[in-house]
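Okay, structure first, notes after.
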């Protein structure tokens, strides 16, 4: 009975110890030193298989006392001293990321400025076209006014021309009229002249 109770207690204790030594994988970064050694085991006597630099991202597989088993970005797995890794991104890495973002923003700003220049040119072109269109409208209005005045002048000129032609016709017909009237006046005058002579002769007799 005691043996069974001991076994029941031992099994949870075993799993507790196991999970205490093994944690869920998490991302950490090399920090605090320029380089650290990635070794084949959790001891300085173990072979160095790679050198990791500050800012290198690591996937932590297991923690064991002062050591952590990690997997580097290149795929190599090994052990590093836990005091040289941290879950917080190093300032150098943050600086590089911010620098990259800044470069990206500067590039976008340059693109926006270029687009703004292009848009400004297009707006200026539209304004110029609109000004020309308004001038054309004004010129068209002025042309229509001038055309109306011209047509009115032509109409008045035609009317005056008709009056002048009529007057010229009347003037041309007057000599003919005097030519026709002249002999009649002469005959009438001659008749009255002869009549007055006869009257004078009668008065003398």
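Residue numbers (my numbering): 19 to 223.
In this text, a Cβ means the ideal position worked out from N, Cα and C, and glycines have one as well.
| Asked | Found |
| --- | --- |
| Unbroken stretches of the beta strand (DSSP E), 3 residues or longer, contained in the stretch 40-81 | 44-48, 53-57 and 66-71 |
| Endpoints, beta strand (DSSP E) assigned at residue 90 | 85-90 |
| C-alpha distance - residue 94 paired with residue 141, whole-angstrom precision | 59 Å |
| Segment limits, beta strand (DSSP E) that includes residue 95 | 95-99 |
| Given residue 103 as reference, the closest of 165, 81 and 119 once Cα atoms are compared | 81 |
| C-beta atoms of residue 54 and residue 96 nearer than 8 Å | no |
| Contact belief for residue 16 with residue 45 at Cβ below 8 Å, rounded distance in angstroms | This structure gives no information on residue 16, because the portion of the chain shown stretches from 19 to 223. |
| Buried or exposed by the 16-neighbour rule on C-beta atoms within 10 Å, applied to residue 177 | exposed |
| Cα-Cα separation, residue 134 to residue 87 | 53 Å |
| Short Cβ contact (8 Å threshold) for residue 47 with residue 117 | no |
| 8 Å Cβ cutoff met for residue 90 and residue 111 | no |
| Nearest to residue 52 (by Cα), restricted to the options 59, 65 and 69 | 69 |
| Distance between residue 159 and residue 167 (C-alpha atoms, nearest Å) | 12 Å |
| Sheet register partners of residue 147 (DSSP bridge) | DSSP lists no partner for residue 147. |
| Where residue 49 falls, given that 16 or more other Cβ within 10 Å makes a residue buried | buried |
| Beta-carbon proximity list for residue 73, same chain, < 7 Å, skipping 5 on both sides | 47, 48, 108, 110 and 111 |
| Per DSSP, the bridge partner or partners of residue 104 | 47 |
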